[in-house]
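Heads up, the sequence shown is in this note's numbering, so the first residue is 109 and it goes up one at a time.
C-beta atoms are modelled at their ideal positions from N, C-alpha and C, and glycine is treated no differently.
All values derive from a computational prediction rather than experimental measurement.
Below is one structure, written out as structure tokens; the observations come after it.
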Amino acid sequence: MTPQKLYRSMPSAKNRAALIAALVCALFANLAFAQTAADQAKLTNLATPVAAPALVNINTIPAKKLFGRQVLPAAMPPHAIGTYALGCMAGAQALPVTGPNWQVMRLSRHRNWGLPQLNTLLERLAADAKQNAGWNGLLVGDMGQPRGGPMLTGHASHQIGLDADVWFTPMPNHVLSPYERENMVPLEMVKDHLHINPDNWSESRAKLIKTAASYPEVGRIFVHPPIKAALCKWATGDRTWLAKVRPLYGHTFHFHIRMNCPPGMKSCKDQWKPAPKDGTGCGDELAYWMGPIPWTPHKRDPNAPPYVPPPPLTLRGLPAECRAVVQAP
Ligand SMILES: [Zn+2]
């Protein structure tokens, strides 16, 4: 468009004045409206009764969500409630993430909580293993959540503050960074479910397990079956400690220490635990785990009705005291 054409398209001086007046009016009208709308919103907020938030019914929340999101322990006296795989924990303590002879791994999982008895036991094992087994220090894996209970991921047990996983990898000589604790790859002790990995397995590891099994407070230690086989082959002299070391799937890079219920802790339910008949578990029990049955996938009966998963576990399915634990300050 040429300058002349542009000039001609513009309104006359009189019309321009009228146009500007109309624009200014519209602007003020808009401001006035905005003012009124803001005030109205304020008034409405004050005058309109606010609906009470819907009460959350904790009976319907899956227990693993209820316990999995806890970040602090229940401020109550320390107590294990229920069984290792169906219960919760009051008055938990955090194991310090760095100790003289141990370091806690995978800090993001926030599972370094246990009864004070468990923390004391781990500290003692860390010191004894250094002396008896030449073990530099413990790398501690999962213990429990701040209030125990079911977890969103991982274990079926570890619910009452008496279970702890310890890596078969010795502690390095430096304080690990949070990144290292999160990403360090543990050493695998087995080649497969029947064979130990001779490159990684060692006598110091056997002595570490023997030390842990020697404590009367320890009820069981779980290891992958070929590790139990290696221990049966290694142990001489008094072999009774072997009865506590039980084969179980999944314990290839760590072993699992389970303490007995502390004496007098009435709400804590010890598990049914017959000792292996041969006194060590190196006979029939080990043979079962080294045989095909535990490793054969279960075949579904084609005539069975379609599988319907059970509803998720809620507070109602846990011991009654766990309600107070989850609601405690
Ligand atoms: Zn475990």
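Rounded Cβ spacing between residue i and residue j (contact assumed at less than 8 Å)
| i | j | result |
| --- | --- | --- |
| Lys352 | Arg313 | Actually they are not in contact, since the Cβ atoms of Lys352 and Arg313 sit about 16 Å apart, beyond 8 Å. |
| Pro370 | Ala183 | Contact flag wrong, Cβ pair sits at about 20 Å. |
| Leu247 | Thr277 | 6 Å |
| Gly256 | Phe175 | 7 Å |
| Leu233 | Thr168 | 41 Å between Cβ atoms; not a contact. |
| Gly245 | Asn209 | 4 Å |
| Pro185 | Gly199 | 5 Å |
| Met197 | Leu223 | 7 Å |
| Thr422 | Ala264 | Wrong, their Cβ atoms sit about 17 Å apart, outside the cutoff. |
| Met292 | Pro333 | No, Met292 and Pro333 are not in contact; Cβ-Cβ is about 25 Å, not under 8 Å. |
Nearest residue (CA-CA) to residue i, options the options
| i | options | result |
| --- | --- | --- |
| Ser310 | Phe361, His266, Met292, Asp250 | Phe361 |
| Trp403 | Asp300, Asn244, Val179 | Asp300 |
| Asp463 | Gly262, Leu270, Gly257 | Nothing can be reported for residue 463, as the shown portion of the chain is limited to 109 through 437. |
| Gly190 | Gln239, Gln435, Gly425 | Gly425 |
| Val326 | Thr277, Pro286, Thr228, Ala171 | Thr228 |
| Arg366 | Glu288, Val274, Ala241 | Val274 |
| His359 | Asn165, Glu296, Lys318 | Glu296 |
| Asn305 | Tyr323, Lys336, Ser285 | Lys336 |
| Glu429 | Ile166, Arg214, Tyr192, His187 | His187 |
| Arg214 | Ala320, Glu290, Lys381, Ala193 | Glu290 |
| Leu350 | Lys315, Trp380, Gly372 | Lys315 |
| Met50 | Val212, Arg347, Lys173 | The displayed coordinates of the chain run from 109 to 437. Any statement about residue 50 would go beyond what the structure contains. |
| Arg177 | Pro258, Arg347, Phe363 | Pro258 |
| Tyr192 | His218, Pro170, Val179, His266 | His266 |
| Leu260 | Lys173, Pro333, Gly242, Leu284 | Lys173 |
| Met373 | Gln201, Pro405, Ile268, Asp346 | Ile268 |
| Pro439 | Arg431, Gln435, Gln225 | A query on residue 439 cannot be resolved here, the shown segment of the chain reaching from 109 to 437 and no further. |
| Ala450 | Cys390, Asp307, Arg408, Pro384 | There is no way to answer for residue 450, as the model of the chain reaches only from 109 to 437. |
| Ala272 | Asn368, Cys376, Tyr415 | Asn368 |
| His218 | Leu203, Glu231, Val164 | Leu203 |
| Ala338 | Ser216, Thr388, Pro384 | Thr388 |
| Tyr460 | Ala321, Cys340, Tyr396 | The requested residue 460 does not occur in the structure, where the chain is confined to residues 109 to 437. |
| Met251 | Ala237, Gly242, Leu230, Ala235 | Leu230 |
| Ala321 | Ser375, Gly249, Leu302, Asp346 | Asp346 |
| Asn281 | Pro420, His406, Asp409, Lys238 | Lys238 |
| Ile401 | Asn165, Ser285, Gln435, Leu302 | Leu302 |
| Val376 | Pro414, Val283, Pro427, Pro294 | Note on residue identity: the sequence assigns Cys, not Val, to residue 376. The shortest C-alpha separation from Cys376 is found at Pro427. |
Residues bridged to residue i [DSSP beta-bridge criterion]
| i | result |
| --- | --- |
| Thr277 | Looking at the DSSP assignment, Thr277 forms no beta bridge with any residue, so it has no partner. |
| Phe330 | Arg354, His364 |
| His187 | Ala198 |
| Val298 | Ile304 |
| Thr206 | Gln211 |
| Cys390 | Cys390 pairs with nothing; no bridge assigned. |
| Cys376 | Gly190 |
Chain D within 8 Å of residue i, Cβ atoms only
| i | result |
| --- | --- |
| Cys376 | No chain D appears in this structure, which consists of one protein chain only. |
### Query
Among all residues, which have a Cβ less than 5 Å from at least one non-hydrogen atom of ligand 1, and in what chain order do they fall?
Asp273, His364
### Query
Unbroken beta strand (DSSP E) runs of length 3 or more, entirely within the stretch 210 to 272: which are they?
210 to 212, 246 to 248
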